[in-house]
Amino acid sequence: MGLKPNTSYYQFAFFVCLFLSLMCHCLPVFVFSESCLLPFDEGMCYGYSLKWYFSNRKRACLQFRYRGCGGNKNRYNTKQHCEFTCQSLRKYSRANPVA
Numbered sequence: 000m001g002l003k004p005n006t007s008y009y010q011f012a013f014f015v016c017l018f019l020s021l022m023c024h025c026l027p028v029f030v031f032s033e034s035c036l037l038p039f040d041e042g043m044c045y046g047y048s049l050k051w052y053f054s055n056r057k058r059a060c061l062q063f064r065y066r067g068c069g070g071n072k073n074r075y076n077t078k079q080h081c082e083f084t085c086q087s088l089r090k091y092s093r094a095n096p097v098a
């Protein structure tokens with residue numbers, strides 16, 4: 000038994016979908032990972048590779064020397080990946096509050 004377009008349930012479902020789609024376009028999208036909130040950690044071995052981390056204080060992705068092991072998940076291979084992952088934290092900082 001399928002839904003008919005003239006049933007009240009169908010109309011209700013349509014308006015719920017319409018409302019939700021409008022909300023998604025009107026509200027800012029907050030895209031970030033919890034890893035963006037972790038402190039800077041260069042690791043503890045003797046390796047050397049350039050990585051990026053999100054600085055909560057500067058609200059920006061900064062480059063650092065990763066030592067090859069240890070550390071935490073606030074570590075990205077590229078600046079673009081860091082910025083994409085932490086973009087809402089960069090955009091909505093304390094100086095530019097959401098509300």
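Counted from 1, the sequence shown has number 54 at position 55 by numbering that gives the first Met the number 0; the numbering is strictly sequential.
Idealized CB from N, CA, C, for every residue including glycine.
When A59, R74, E33, M43 are compared, the shortest CA-CA separation from L49 is found for R74.
DSSP, reduced to helix, strand and coil, places S87 within a helical segment of the structure shown. Residue pairing from DSSP leaves Q79 without any beta-bridge partner.
Just so you know, the alpha carbons of R64 and Q79 end up roughly 17 Å apart.
In this chain, the beta strand (DSSP E) harbouring L49 covers 48-54.
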